[in-house]
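Data first, discussion second: the structure below is written as structure tokens.
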Amino acid sequence: MSDTVTFGQDSAPYAPTEIPFNLYKQAAPLKVKVVENRRLTGDSSPNDVHHIVFQFAKTDYRYLDGQSAGIVPPGTDPAGKPHKIRLYSIASPGDGDQGDGTSLSLCVKRVVYNDPETGEERRGVCSNYLCDLNVGDEVAVTGPAGKAFLLPEVKDANIVMIATGTGIAPFRAFLRTRYQQRVADKGQTWLFFGVQHYSDYLYAEELESYEKYEDYHLVTAFSREQKTADGDKMYVQNRLTEHRQALMDLLLQPNTYVYICGLRGMENGILEALTAAARERGLDWNELLAKYNAEKRWRVEVY
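Under our numbering, the residue at position 52 of the sequence shown is numbered 46, and the numbers go up by one with no gaps.
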């Protein structure tokens, strides 16, 4: 029933022997039950983002931090065909939010927009389906999917995470694993997280709870409420520039891994900021990036 992939270095202390992959497919998905569905965004936020937890039997579904789950929306599309699978980054660590391996969590933004041609309101099929679920509802899940966005398979790695919006999902999983299972690690952990408003600050209390650890650095950017010194909107790339010296120190270390997750196009501003930071040190960022890609230490997941 399962497909597996060999993973990592044999001597790496955190390397699993295999990556669970496509254990369940659309033709025969796993049926899971909703045990929690709560809104994450504040009442004043124009965005509706939910944390949704699904439960299953312990042996039914396995996944690793950084993988995605497929959701099969019920019904058919306008052509009368079953809806295609939608992939969502899993927001819980591999052992689930409760640590017993019987659940997975998703962070889902309700998609509502106006048709550019007709002006009519349109609603994303899967996001609205998920956000409207009730506790006890049954959902068809596939996967897990993804092999390239996993936590480093080495001890004491430095981890730099850059997220916008619901791109925080896999990093919530990373942080839970880092500070609940790998507390003896000595690597630095940086999280840059950008949203529009403070009311969009997803998992704020949880993310800030790790600030008691000296090696954890949380940097936020609220683009509609904060300004740069030049009076422009504050984005994650501006925060990268503010912390460029510390970041460059990390980026020049061979045990540093960079993860970027969020809206497509966010990488451009990040690359511009890091190009300028490297130039200050007389370095060529393109050469550094090529090295990172070759060593699989630059990992991007955008949508």
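All C-beta atoms in this analysis are idealised placements derived from N, C-alpha and C, irrespective of residue type, glycine included.
Problem set entry | Backbone secondary structure at Lys103 - three-state DSSP | Locating residue 103 in the sequence shown gives position 109, where the first residue counts as 1. Residue state, collapsed to three classes: strand.
Problem set entry | Same chain only: Cβ atoms within 7 Å of Tyr192, ignoring 5 sequence neighbours per side | Stepping through the sequence shown from its first residue, residue 192 is reached at position 198. For Tyr192, same chain residues with a beta-carbon under 7 Å away, outside a window of 5 residues either side, are Phe216, Glu219 in chain order.
For this session: Tell me whether Leu58 sits in a helix, a strand or coil according to DSSP, three-state version.
Result: Locating residue 58 in the sequence shown gives position 64, where the first residue counts as 1. DSSP places Leu58 in coil when its eight states are reduced to three.
Problem set entry | Whole beta strand (DSSP E) elements within the stretch 20 to 79, 3-residue minimum | 24 to 33, 43 to 49, 62 to 66
Exercise. Starting from Ala198 and walking both ways along the alpha helix (DSSP H), at which residues does that stretch end?
Worked result: Your numbering for residue 198 matches position 204 in the sequence shown. Segment 198 to 203, the alpha helix (DSSP H) holding Ala198.
Problem set entry | Validate contact between the stretch 49 to 68 and the stretch 106 to 113 using beta carbons, cut 8 Å, 3 pairs | no
Exercise. Exposed or buried, what is Tyr207 when buried is set at 16 or more other beta-carbons lying within 10 Å of its beta-carbon?
Worked result: Position 213 of the sequence shown, counted from the start, is the residue given in the question as residue 207. By the neighbour-count rule (16 or more Cβ atoms within 10 Å), Tyr207 is not buried but exposed.
Problem set entry | Unbroken alpha helix (DSSP H) run spanning Pro164, endpoints | In the sequence shown, counting from the first residue as 1, residue 164 sits at position 170. 163 to 174 is the extent of the alpha helix (DSSP H) around Pro164.
Problem set entry | Reduced DSSP secondary structure (H/G/I, E/B, other) of Leu145 | Within the sequence shown, the letter at position 151 stands for residue 145. Three-state result, Leu145: coil.
Problem set entry | When Gln92, Tyr173, Ile46, Pro248 are compared against Lys285, the one with the closest alpha-carbon | Counting from one through the sequence shown, the residue named residue 285 turns up at place 291. The option with the nearest alpha carbon to Lys285 is Pro248.
For this session: Indicate the three-state DSSP secondary structure (helix, strand or coil) for Thr214 in the structure shown.
Result: Counted from its first residue, the sequence shown places residue 214 at position 220. In the structure shown, Thr214 sits in a strand (DSSP, three-state: E or B).
Problem set entry | Gly113 - partner residues in DSSP beta bridges | Counting from one through the sequence shown, the residue named residue 113 turns up at place 119. Gly113 is not bridged to any residue.
For this session: May I have the straight-line CA-CA distance separating Ser86 from Pro40, to the nearest angstrom?
Result: Here the question's residue 86 lines up with position 92 in the sequence shown. Here the question's residue 40 lines up with position 46 in the sequence shown. Their Cα atoms are separated by approximately 25 Å.
Problem set entry | Ala157 - partner residues in DSSP beta bridges | The sequence position of residue 157 within the sequence shown is 163, counting from 1. For Ala157, which the question treats as bridged, DSSP gives the partners Phe187, Cys255.
Exercise. Taking just the CA atoms, how far does Arg238 sit from Ala223?
Worked result: The residue given as residue 223 occupies position 229 in the sequence shown. The residue given as residue 238 occupies position 244 in the sequence shown. Cα to Cα, the separation comes out at about 16 Å.
For this session: Use the C-beta contact count for Glu200: other C-beta atoms within 10 angstroms, 16 or more gives buried, fewer gives exposed.
Result: The residue you call residue 200 lines up with position 206 of the sequence shown. Result: exposed.
Exercise. Under a three-way DSSP split, which group does Lys285 fall into?
Worked result: Within the sequence shown, residue 285 is the residue found at index 291, counting from 1. Of the three classes helix, strand and coil, the one that applies to Lys285 here is helix, per DSSP.
Problem set entry | Length of the line joining the Cα atoms of Ser62 and Lys19 | For the purposes of this step, residue 62 is taken as the residue at position 68 of the sequence shown. For the purposes of this step, residue 19 is taken as the residue at position 25 of the sequence shown. One C-alpha to the other measures close to 13 Å.
Problem set entry | Asp150 vs Lys180 beta-carbon contact at 8 Å | In the sequence shown, residue 150 corresponds to position 156, counting from 1. In the sequence shown, residue 180 corresponds to position 186, counting from 1. Taking 8 Å as the Cβ cut-off, Asp150 and Lys180 qualify as a contacting pair.
Exercise. How long is the line joining the alpha carbons of Phe165 and Leu246, rounded to whole angstroms?
Worked result: Translated into the one-based positions of the sequence shown, residue 165 becomes position 171. Translated into the one-based positions of the sequence shown, residue 246 becomes position 252. If I take the Cα positions, the gap works out to 22 Å.
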